[in-house]
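Just below is one structure, and these are the notes that go with it.
Chains as they are written, first to last, in this note's numbering: chain B, 1 to 337; chain U, 1001 to 1334.
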């Protein structure tokens, strides 16, 4: 069983391929569960990343744990899982339990994991881009080489002035950042054509004097290879890269959105035919990396993990009402009530 | 106030800012200054002149003209363990950074439940009386003091500037450090040598008195003091409190003073509606209403978008010392 998929410049062995697959299947299972929990009235909102699995699995595989830093955005549950974030903690966020890393403060998927290098997530679009650049500057100032900062965002973020400022500053100082745009073509209801004239977001990199590269966001191996290369270049002082991973958002923006009000079923169905999850499954089966039976067993195992996590976390307590008042400042703070 | 070294040096406000920044850069490799024209030019008021030669361009960063990212990049640095001291060249230019300061810096600790912190100082010159017109004269404190998670400091004397700037740099949370630009070279004073801090959130009674409490900050503290001294000659006793910190606000000092004098006049340059004086008035009305012998009064900037460029228009906006004295007399006589 040769690693016939390792066609790129980087070795992508069977272990890594299976890791990518496992992550993508977990993402899909977590998404599905989130929507079920929302329908059951158990969580206030769910936010899926269906269609983004390959980008996030590939990016996560390129992230070097214990070294790299990640400044994610809100649709990055698959990515943080791929970077080592525990599945239980994803559900703690969904259920807003006291055990959630934000203590149930932040809305679903907006986690924090400093010890893993995963920054606290803000809902404000592109707000994390300048933070990622500042973090990269800190690495540079400390001569902390061999490390890189991953900055993740959607196509909508590229319209923000702060996004431009972040890109520009990173380029001026040749900072170790990899900017990864998950271009799903829709900023909630606004299509790319109303956001920009350019067909390719990566083309904007030229204007900043940085590397820009387009990758098929439905192909996790291609994403991994591309992001890995950008990461390696950044970590040795070669400057930032803007990676545009073209993907698609199969679901509505969140459970509070209805995409039938702004895009056709034909468009969504056409993209569904390219769904990266079954496509990657078929590819690995065809290449002999995994058998049908092993694949079925893997799916069952993931479902069981997700079921077990859901059942366990649902029983955990909600935060105490008084928790509202902590961590406003470092010192003891008495709010004016 | 903990003073490490004995002796004092006379300096003006701009020198106090400069010396404090210099000593911070010297003492702590995690610190850096960043902003527009802070490097080769040494800041438009020459506060950081010579810094780039001494500390290098990595720690004295000439940023692009992009205030949102000055704040945002500084936040990222702070989240990763540096102690950035960012500068907004004029407070009037801070609006593009509002998103980062209010939405991000102030909420980093809270949002992450203490996982991440944001030990960041943003310094900026504010205030008028310098022919700065619409975009070089504004007071911005009221736009930010509504925001829990932020601290806001606005000292008026060189010794307070040094102690509070040191405290701001040491502080584990984001601090907006406001410097009234007209006081930069106008105000001189004795500054203790060596490193010391003044706690953020503590007001200072600059002139004791028992017939009226005047609360102010920034440039107007100096004018209020002058007026209080004039009234002293006529046997009137006015207590002048320099707020120094706007958030957290020193309720104790204000309430203790009001309970003693039974009258309160608040003076600030920023316009009256929704200004700092509104909060102080509300606090005193809630907590010391029955101690008052006169209605609370606020002497503030007029409710117009900005002071004008022409001298007549600027003078109309700014409050002369004579008017402060007049208000004080009226309050004492009430």
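The beta carbon of each residue, even a glycine, is placed where N, CA and C say it ideally should be. Keep in mind that this is a model prediction, so the values were computed, not measured.
Given a cut-off of 7 Å, decide if residue j and residue i are closer than it, judged by their beta-carbon atoms.
i	j	result
residue 27 of chain B	residue 78 of chain B	yes
residue 1273 of chain U	residue 1303 of chain U	yes
residue 1261 of chain U	residue 1213 of chain U	yes
residue 29 of chain B	residue 303 of chain B	yes
residue 1030 of chain U	residue 1083 of chain U	yes
residue 1077 of chain U	residue 207 of chain B	no
residue 1065 of chain U	residue 1036 of chain U	yes
residue 1225 of chain U	residue 1328 of chain U	no
residue 87 of chain B	residue 118 of chain B	no
residue 244 of chain B	residue 202 of chain B	yes
residue 1238 of chain U	residue 1175 of chain U	no
residue 1126 of chain U	residue 1178 of chain U	yes
residue 261 of chain B	residue 45 of chain B	no
residue 120 of chain B	residue 1112 of chain U	yes
residue 215 of chain B	residue 223 of chain B	yes
residue 316 of chain B	residue 99 of chain B	yes
residue 1173 of chain U	residue 1136 of chain U	no
residue 1130 of chain U	residue 1188 of chain U	no
residue 50 of chain B	residue 31 of chain B	yes
residue 226 of chain B	residue 236 of chain B	no
residue 1280 of chain U	residue 1215 of chain U	yes
residue 1024 of chain U	residue 1169 of chain U	yes
residue 1204 of chain U	residue 1229 of chain U	no
Check the DSSP bridge columns for residue i and list the partner residues they point to.
i	result
residue 1204 of chain U	U/1242
residue 24 of chain B	BP columns for residue 24 of chain B are empty, so no partner.
residue 215 of chain B	B/245
residue 153 of chain B	B/181
residue 1189 of chain U	U/1011
residue 1034 of chain U	U/1061 and U/1086
residue 1271 of chain U	U/1301
residue 1343 of chain U	The question about residue 1343 of chain U has no answer here: the residues shown for chain U are numbered 1001 through 1334.
residue 1213 of chain U	U/1239 and U/1264
residue 1332 of chain U	DSSP output for residue 1332 of chain U lists no bridge partner at all.
residue 1180 of chain U	U/1126
residue 187 of chain B	B/190
residue 1175 of chain U	U/1121 and U/1151
Under 7 Å Cβ-Cβ, which residues of chain U neighbour residue i?
i	result
residue 106 of chain B	1111
residue 114 of chain B	1115 and 1116
residue 327 of chain B	1109, 1110, 1113 and 1114
residue 239 of chain B	Those within 7 Å of residue 239 of chain B in chain U number zero; the least Cβ separation is about 16 Å.
Just to make sure I have the definition right: I need the residues of chain B whose C-beta is within less than 8 Å of the C-beta of residue i. Which are they?
i	result
residue 1100 of chain U	127, 130 and 162
residue 1163 of chain U	Within 8 Å Cβ-Cβ: nothing; residue 1163 of chain U doesn't reach chain B, min ~18 Å.
residue 1104 of chain U	122, 124, 127 and 131
residue 1027 of chain U	Those within 8 Å of residue 1027 of chain U in chain B number zero; the least Cβ separation is about 16 Å.
residue 1173 of chain U	329 and 330
residue 1149 of chain U	328 and 329
So which residues on chain U does residue i lean against when the C-beta distance must stay under 8 Å?
i	result
residue 133 of chain B	1069, 1072, 1073 and 1076
residue 102 of chain B	1111, 1112, 1113 and 1115
residue 166 of chain B	1069, 1072 and 1073
residue 169 of chain B	1063, 1064, 1066, 1069 and 1073
residue 138 of chain B	1076, 1077, 1080, 1081 and 1082
residue 119 of chain B	1079 and 1116
Going along chain B in order, which residues have a C-beta closer than 9 Å to the C-beta of residue i?
i	result
residue 1288 of chain U	By Cβ distance, chain B contributes nothing, its closest Cβ being about 15 Å from residue 1288 of chain U, past 9 Å.
Since residue i meets chain B, which of its residues come closer than 7 Å, beta carbon to beta carbon?
i	result
residue 1058 of chain U	141
residue 994 of chain U	Nothing can be reported for residue 994 of chain U: it is not among the residues displayed for chain U, which extend from 1001 to 1334.
Is there a C-beta anywhere in chain D that falls below 7 Å from the one on residue i?
i	result
residue 249 of chain B	In the structure shown, chain D cannot be found, because the protein chains are B and U.
Do the segment 279-295 of chain B and the segment 28-36 of chain B touch if we need at least three Cβ pairs shorter than 8 Å? By the Cβ rule, the segment 279-295 of chain B does not count as touching the segment 28-36 of chain B, because fewer than three pairs are nearer than 8 Å.
Three-pair Cβ contact test at 8 Å for the segment 15-26 of chain B versus the segment 47-57 of chain B: Taking a cut-off of 8 Å on C-beta distances, the segment 15-26 of chain B touches the segment 47-57 of chain B, as three or more cross pairs fall below it.
Taking one C-beta from the segment 1148-1168 of chain U and one from the segment 1012-1029 of chain U each time, how about it: are there three or more such pairs within less than 8 Å? yes
Below 8 Å, how does it come out for the segment 122-137 of chain B and the segment 1094-1103 of chain U: are there three or more Cβ pairs, yes or no? yes
Where in the segment 1093-1144 of chain U do unbroken runs of the alpha helix (DSSP H), each at least 4 residues long, occur, reported from the N-terminal end onward? 1108-1111 and 1141-1144
Is there contact between the segment 177-184 of chain B and the segment 143-156 of chain B, where contact requires at least three CB pairs shorter than 8 Å? yes
Could you name each continuous beta strand (DSSP E) segment of 3 residues or more that falls completely within the segment 218-278 of chain B, going from the start of the chain to the end? The beta strand (DSSP E) runs lying completely inside the segment 218-278 of chain B and spanning 3 residues or more are 241-246, given in chain order.
When the Cβ atoms of the segment 325-333 of chain B are set against those of the segment 1131-1147 of chain U, are three or more pairs found closer than 8 Å? no
As an exercise, report each continuous alpha helix (DSSP H) stretch of at least 4 residues that is fully enclosed by the segment 104-164 of chain B, in chain order. 127-141
Are at least three pairs of beta-carbons, each pair with one atom in the segment 1261-1270 of chain U and one in the segment 1291-1301 of chain U, less than 8 Å apart? yes
Entirely enclosed beta strand (DSSP E) segments - the segment 6-89 of chain B, minimum 3 residues: Listed in chain order, they are 69-71.
Tell me, please, whether the segment 1192-1207 of chain U touches the segment 1048-1059 of chain U by the rule of three or more beta-carbon pairs shorter than 8 Å. no
Counting Cβ pairs closer than 8 Å, one from the segment 227-242 of chain B and one from the segment 272-287 of chain B, do we hit at least three? By the criterion of at least three beta-carbon pairs nearer than 8 Å, the segment 227-242 of chain B is not in contact with the segment 272-287 of chain B.
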